[in-house]
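Participant: I'd like to ask you about the structure that follows.
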Amino acid sequence: MSRSKGRSYGAIAMALHWTIAALFFGQILLGFSMERVRSMALQFDLIQWHKSFGFLILALAAVRLCWHLAVRGPRPAGGMTALERRAATFAQAALLAMTLVVPLAGWALASTSTLNIPSFAFNLVLIPHLPLAPSAQAEAFWRETHELLAYATLLLAAGHAAAALRHHFLLRDDVLGRMLPGLPGADEPGARAARPIRRTIDNA
Ligand code: HEM
Ligand code: HEM
0 MSRSKGRSYG AIAMALHWTI AALFFGQILL GFSMERVRSM ALQFDLIQWH KSFGFLILAL
60 AAVRLCWHLA VRGPRPAGGM TALERRAATF AQAALLAMTL VVPLAGWALA STSTLNIPSF
120 AFNLVLIPHL PLAPSAQAEA FWRETHELLA YATLLLAAGH AAAALRHHFL LRDDVLGRML
180 PGLPGADEPG ARAARPIRRT IDNA
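One point on numbering: in numbering that gives the first Met the number 0, the residue at position 195 of the sequence shown is 194, and numbering is uninterrupted.
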C-alpha cells in the first residue's frame, strides 16, 4: 500500500471527497423535501431522482473505499491532541462507512417495498432489487433504518465540517488546505504551520 505524497490529499481523493460531500448534502435536502410535497406525481418523480443520486453516491463511495485501500491518506495533521486526532479519525471512518450503509439501506427499502417499483438509475439503467423478501414489516424496518442513519450521518457530517472550519478560521492551521485545492496546503512553500498559532504562542 502506498501513501499520498507530501501532507495533502491527492487530486483523486479531493475530487471524490467534494463530489460525495456535495451529493450527500443535496440528497438529504431532496429526501426531506420529497417526503413533504403534496402532488403524488411530483413525489414519485422526486423519489426516482433520489434513488438515482443515491446509487451514484454508493458507486462513488465504493470507488473511494477502494482508493483508500490502495493509497493511504497523508499522515494525520499536526497540532492536535491525541483525543482530537482519535475523534477526527473515528468521524472520517464513520462517514466513509455511512456513505455506503445509508444508500444500501435505501436500496433495501426500495427492494422490500410491497409496491415493487423498479429502480432506473437516471432513467437509463435498471438496478435490480436486492434479494430481500418484500413485506410491510421489512419495508417499515428499512424505512426507519434508512431515515435514522441518514439524519445521524448529517449530524456527524455537520460536526466534521464545523471542526474543519474551526481549524481554518480559529486555529488557523492547514487542516482544510490538506483537502481543498487553492488554499495553502501542507506541501506548499507558503503554507501556514500545522501547529495552531495559538498553541505556538502559548508554548513560547
Ligand atoms: C447517501 C444516500 C442517501 C441519503 C443521504 C438519503 C436520505 C434520505 C432522506 C433524508 C429521506 C427522507 C426521510 C424523511 O424525512 O422522511 C429519504 C427517504 C427515502 N430514500 Fe433515501 N437516501 C439516500 C439513498 C437512497 C437510495 C440509494 C435509495 C433507493 C435506491 C433511497 C430510497 C429512499 C426512499 C424510497 C425514501 C422514501 C421513504 C418513504 O417512503 O418514507 N435512498 N432518504
Ligand atoms: C463543508 C463540508 C465539509 C468540509 C469542510 C470537510 C472537510 C474535510 C477535511 C479538511 C478533511 C481532511 C482532514 C484531514 O485528514 O486533515 C476531510 C476528510 C474527510 N471527509 Fe470531509 N468535509 C466536509 C463534508 C464531508 C461529508 C458530507 C462527508 C461524508 C458524508 C465527508 C467525509 C470525509 C471523509 C470520509 C474524509 C477522510 C478522507 C477521505 O476519504 O476523503 N466530509 N473533510
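Ideal placement from N, C-alpha and C gives every residue a C-beta, glycine not left out.
Do the segment 151-162 and the segment 90-106 make contact, defined as three or more Cβ pairs closer than 8 Å?
Facilitator: Yes: at least three Cβ pairs fall under 8 Å.
Participant: Could you check the C-alpha separation between residue 55 and residue 29 for me, to the nearest Å?
Facilitator: One-based indexing of the sequence shown puts residue 55 at position 56. One-based indexing of the sequence shown puts residue 29 at position 30. When rounded, the distance between both Cα atoms is 14 Å.
Participant: Locate the beta strand (DSSP E) running through residue 126, then write down its first and last residues.
Facilitator: As a working mapping, residue 126 is identified with position 127 in the sequence shown. Unbroken beta strand (DSSP E) run through residue 126: 124-126.
Participant: How would you label residue 136, buried or exposed, when you count the other beta carbons within 10 angstroms and need 16 or more for buried?
Facilitator: Sequence index remark: in the sequence shown, residue 136 carries index 137 (1-based). The residue is exposed, with fewer than 16 neighbouring Cβ atoms inside 10 Å.
Participant: Using only CA atoms, which one of 152, 150, 179 lies nearest to residue 164?
Facilitator: What you label residue 164 is simply residue 165 of the sequence shown in a count that begins at 1. The option with the nearest alpha carbon to residue 164 is 179.
Participant: What would DSSP say about residue 194, mapped onto helix, strand or coil?
Facilitator: Indexing the sequence shown from 1 puts residue 194 at position 195. Unreliable placement is indicated for residue 194, whose pLDDT of 45 sits below 50; no coordinate value is reported for it.
Participant: Run through DSSP, which three-state label would residue 165 get?
Facilitator: Here the question's residue 165 lines up with position 166 in the sequence shown. Note: residue 165 maps to helix in three-state DSSP.
Participant: Measure the beta-carbon distance from residue 51 to residue 121 and round it to whole angstroms, keeping in mind my assumption that it falls under 8 Å.
Facilitator: Translated into positions along the sequence shown, residue 51 becomes position 52. Translated into positions along the sequence shown, residue 121 becomes position 122. Yes, residue 51 and residue 121 are in contact; Cβ-Cβ is about 5 Å, under 8 Å.
Participant: In this structure, how does DSSP classify residue 118 when only helix, strand and coil are distinguished?
Facilitator: On the sequence shown, residue 118 is found 119 positions in, with the first residue counted as 1. DSSP places residue 118 in strand when its eight states are reduced to three.
Participant: If we require 4 or more residues per run, which alpha helix (DSSP H) segments fall completely within the segment 36-95?
Facilitator: The qualifying runs are 39-69.
Participant: Excluding the 5 residues flanking residue 26 on each side, which residues of the same chain have their C-beta closer than 6 Å to its C-beta?
Facilitator: What you label residue 26 is simply residue 27 of the sequence shown in a count that begins at 1. 52, listed in sequence order.
Participant: Flag this pair as touching only if the segment 105-114 and the segment 137-146 have three or more C-beta atom pairs under 8 Å; answer yes or no.
Facilitator: Counting Cβ pairs under 8 Å, three or more are found: they touch.
Participant: Starting from residue 178, trace the alpha helix (DSSP H) both ways and give me its first and last residue.
Facilitator: The residue you call residue 178 lines up with position 179 of the sequence shown. Careful: residue 178 lies outside any alpha helix (DSSP H) and carries neither H nor E.
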